[in-house]
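Protein chains in written order, with the numbering used here: chain Y, 1 to 116; chain H, 1001 to 1198.
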Amino acid sequence: MTWTPAVLTERLGGDEHLVRELVDIFLAEYPKLLHAVRTSASQGDGPALRRSAHALRGSITNFIDDGPTVTALALERAGEESRLDDAARLFIQLEREVEELATAMRSFHGNRPCAS
Amino acid sequence: MRVLIADDDPVLRHALKAQLAAWKYTSVMASNGKHAWRALQQTDPPPIAVVDWNMPGIDGIDLCREIRSTPSLAAMYLILLTGNQDQKDVVAGLESGADDYITKPFSWDELRARLRIATRIVGLQQTLAARVDELQEALANVKRLSGLLPICAYCKRIRNNQDYWMQVEQYLAEHSEAEFSHGICPECLHTQLSLDES
Chain Y
1 MTWTPAVLTE RLGGDEHLVR ELVDIFLAEY PKLLHAVRTS ASQGDGPALR RSAHALRGSI
61 TNFIDDGPTV TALALERAGE ESRLDDAARL FIQLEREVEE LATAMRSFHG NRPCAS
Chain H
1001 MRVLIADDDP VLRHALKAQL AAWKYTSVMA SNGKHAWRAL QQTDPPPIAV VDWNMPGIDG
1061 IDLCREIRST PSLAAMYLIL LTGNQDQKDV VAGLESGADD YITKPFSWDE LRARLRIATR
1121 IVGLQQTLAA RVDELQEALA NVKRLSGLLP ICAYCKRIRN NQDYWMQVEQ YLAEHSEAEF
1181 SHGICPECLH TQLSLDES
């Protein structure tokens, strides 16, 4: 998994300020989304797992197409098909990948361009 | 052109608002289906909506159905946005009343192109609606002459709705755009001259 801010910046018409705003919002929101996935997986609630994993995947998809996006989709399907034995393993993987993404974002965020 | 954005993802909502502003659209934002529905109850709602499928409360599919079954909103152009990529989902989305369907992750260029189509269709609909209004107004101004008219078999007067027997030219002048100039036909001229001589 590699998050490349430059790709998103280019997709957004070169607006790096907008990319930083989006990163800010994601960093504020993802703990809640991840918590909802953790809760539904631990409670063995298939429909709630599908919904919460879908919401987290939607948010991650704004930044990256692989890594946590793929794992969130697998969790979503596990919830949909009530394959809850897979959910615990997939959640551990998802949590690690999302935290890696968040770390990369914080690093990008700390590396603000100099004011000209 | 104003566009309603209904999506529960704050990241995408912010990105959509910024991009639409850069493309000269004005956004009306809603964080769920219920808020979107409330925004559409205001006077002069946006003619285009980009609606996420999966939202808490009223989801995008139900929102599309509600919009299509509401006469005042039935002409809205609806773009359904979703992470569901299965063909059956695309069909279900379009059958709910959406005009277009975009799957996440989407390309911003694609969304911009689809919004251009939406703008063009809405513009054509508005032009057509204005033309229909003009025609209806014109039709209302045209006096109509139709139906069964009671006419006297002898003097040829016509009975109006107030039971008054009117001269035929008076009746026609009141019920049509016709105007009369008086003259005398050769047959009547001959008859009148014969009467005068006798």
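All residues carry an ideal CB built from backbone N, CA and C; glycine is no exception.
query                                                                                                                                                                               : result
Whose CA, out of Ser40(Y), Arg106(Y), Arg77(Y) and Pro31(Y), lies closest to the CA of aspartate 1086(H)?                                                                           : Arg77(Y)
Since leucine 8(Y) and valine 19(Y) should fall inside the 8 Å C-beta cutoff, what is the C-beta to C-beta distance between them, to a whole number of angstroms?                   : 5 Å
Output, in chain order, the set of chain Y residues within a Cβ distance shorter than 7 Å of proline 1010(H).                                                                       : Ile25 and Glu29
Strictly by DSSP, which residues pair up with tryptophan 1165(H)?                                                                                                                   : Arg1159(H)
With a CB to CB cut of under 6 Å and the five nearest residues on each side skipped, what residues in its chain are close to aspartate 1007(H)?                                     : Arg1013 and Asp1052
Can you name the start and end residues of the alpha helix (DSSP H) that tyrosine 30(Y) belongs to?                                                                                 : 16 to 43
Going by DSSP, name the residue or residues bridged to alanine 1049(H).                                                                                                             : Leu1004(H) and Leu1078(H)
Listing by chain order, which chain H residues have their CB less than 7 Å from the CB of alanine 87(Y)?                                                                            : Correct list: empty, because the minimum Cβ distance to chain H is about 19 Å.
For a test of the three-state rule: what should DSSP assign to serine 116(Y), helix, strand or coil?                                                                                : With a pLDDT of only 42 at serine 116(Y), under the threshold of 50, the placement of this residue in the model should not be trusted; the figure read from the coordinates follows. Serine 116(Y) falls in the coil class under three-state DSSP.
Taking the alpha-carbon positions, what's the aspartate 85(Y) to methionine 1001(H) distance?                                                                                       : 49 Å
Count the other CB atoms, across all protein chains shown, that sit within 10 Å of the CB of aspartate 1009(H); report buried if there are 16 or more and exposed otherwise.        : buried
Just to confirm, are leucine 1115(H) and tryptophan 1023(H) a CB contact at a threshold of 8 Å?                                                                                     : yes
Candidates Glu1187(H), Ser1072(H), Arg1065(H) and Gly1060(H): which alpha carbon is nearest leucine 1080(H)'s?                                                                      : Gly1060(H)
Quick one: using the 10 Å Cβ neighbour count with 16 as the cut-off for buried, is glutamate 1110(H) buried or exposed?                                                             : exposed
Ordered along the chain, which non-local residues of its own chain (more than five positions away) have a Cβ less than 6 Å from that of alanine 1178(H)?                            : Leu1172
With 8 Å set as the bound, which would you pick, yes or no: does the beta-carbon of histidine 54(Y) sit closer than that to a beta-carbon of chain H?                               : yes
Leaving out the 5 sequence neighbours to the left and right, which residues in its chain are closer than 8 Å to threonine 1082(H) when beta-carbon positions are compared?          : Asp1052, Trp1053, Asn1054, Gly1060, Asp1089, Gly1093, Tyr1101, Ile1102, Thr1103 and Lys1104
Taking a cut of 7 Å between CB atoms, which residues from the region 1059 to 1090 of chain H lie near chain Y?                                                                      : Gly1083
Can you tell me where the alpha helix (DSSP H) with threonine 1026(H) in it begins and where it stops?                                                                              : Where threonine 1026(H) is concerned, there is no enclosing alpha helix (DSSP H), although the beta strand (DSSP E) it sits in stretches over 1026 to 1030.
Against glutamate 21(Y), what residues of chain H qualify as contacts under a CB-to-CB distance less than 7 Å, listed in chain order?                                               : His1014
To be precise: take each residue of the region 1102 to 1113 of chain H, compare its Cβ to all Cβ atoms of chain Y, and keep it if any distance is under 7 Å. Which residues remain? : Lys1104, Pro1105 and Trp1108
What residue does the beta strand (DSSP E) around threonine 1103(H) start on, and which one ends it?                                                                                : 1100 to 1103
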